[in-house]
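Heads up: the sequence shown is residues 18 to 168, going by the numbering used here.
A virtual CB, placed ideally from N, CA and C, is assigned to each residue, including glycine.
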Amino acid sequence: MKKSSRQLVEWRKTVDKKAGIIGTGHYVPEKVLTNFDLEKMVDTSDEWIRTRSGIEERRIAAPDEFTSDLGVKAAEQAVENAGIKKEDIDLIITSTISPDYAWPATACRIGAKMGMKGTPAYDMSAACSGFVYALANAKAFVESGIYKKIL
């Protein structure tokens, strides 16, 4: 009985962690599409779009630029800003509604493009709230002790 109790305490010590964000990165494509540009294409106005969504402009990826390419640029910044090596990352989660392909997961493609083949990776698709769900998943994994550093 003592051994079981001690193991439980030791296990609790290893998983008694609080997750936190140690580095962030971002990337947006160069091409800008404004509400005024949209006014020329469809029956709408800058005012109508801004009052309903708050959106003033959106960025458009180049024809040869994939979601994973955008993700790699942001991920490299995040790794650098965190002061870690990409080899320290033990899981990749990507949240997108515009994956490169149906499969493999865009997260797998990001890992492969960064030279992280073999690192577990998966995509989440939950539209605008996807980032929140991905962050909650990462938090749960870190605080449970399953993973230490998640991209």
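Determine the closest residue to residue i out of the options, with distance taken between C-alpha atoms.
i    : options          : result
S115 : I77, L152, A138  : I77
D81  : E97, I110, P46   : P46
T136 : L152, F148, I106 : I106
Is it buried or exposed for residue i, if we count other Cβ within 10 angstroms and need 16 for buried?
i    : result
D117 : buried
A95  : buried
M141 : buried
T113 : buried
V89  : buried
S70  : exposed
Spatial neighbours of residue i within its chain, please: C-beta separation below 7 Å, excluding the five flanking residues on both sides.
i    : result
A92  : G42, I127, M131, L168
N98  : G40, T41, G42
M18  : A caution first: M18 carries a pLDDT of 46, below 50, which makes its placement in the model unreliable, though a value can still be read off. Same-chain partners within the cutoff: there are none.
F148 : S112
Keeping to the same chain, check which residues put their C-beta closer than 6 Å to that of residue i; ignore five residues upstream and five downstream.
i    : result
A36  : K156, V159, E160
L50  : R75, I77
A143 : Y150
K34  : E160
Excluding the five sequence neighbours on either side, which residues of its own chain have a C-beta within less than 8 Å of the C-beta of residue i, listed in chain order?
i    : result
T61  : N52, L55
V101 : For the sequence presented, residue 101 should be read as Ile rather than Val. I39, G40, K166, listed in sequence order.
E138 : Strictly speaking, residue 138 in this sequence is Ala, with Glu absent from that position. Answer for A138: L108, I109, I110, T111, A122, A124, C125, I127, G128, listed in chain order.
N154 : I110, M141
For residue i and residue j, I'd like the C-alpha separation in whole angstroms.
i    : j    : result
L87  : W120 : 17 Å
C103 : Y164 : Per the sequence shown, the amino acid found at residue 103 is Lys instead of Cys. Between K103 and Y164, the C-alpha separation is close to 14 Å.
T68  : L152 : 29 Å
I66  : Y44  : 24 Å
E73  : F83  : 23 Å
A169 : V59  : Here the chain comprises residues numbered 18 to 168, so residue 169 is not present and cannot be evaluated.
K57  : E64  : 14 Å
Helix, strand or coil for residue i? Go by DSSP, reduced to three states.
i    : result
V159 : helix
V45  : coil
E82  : coil
T111 : strand
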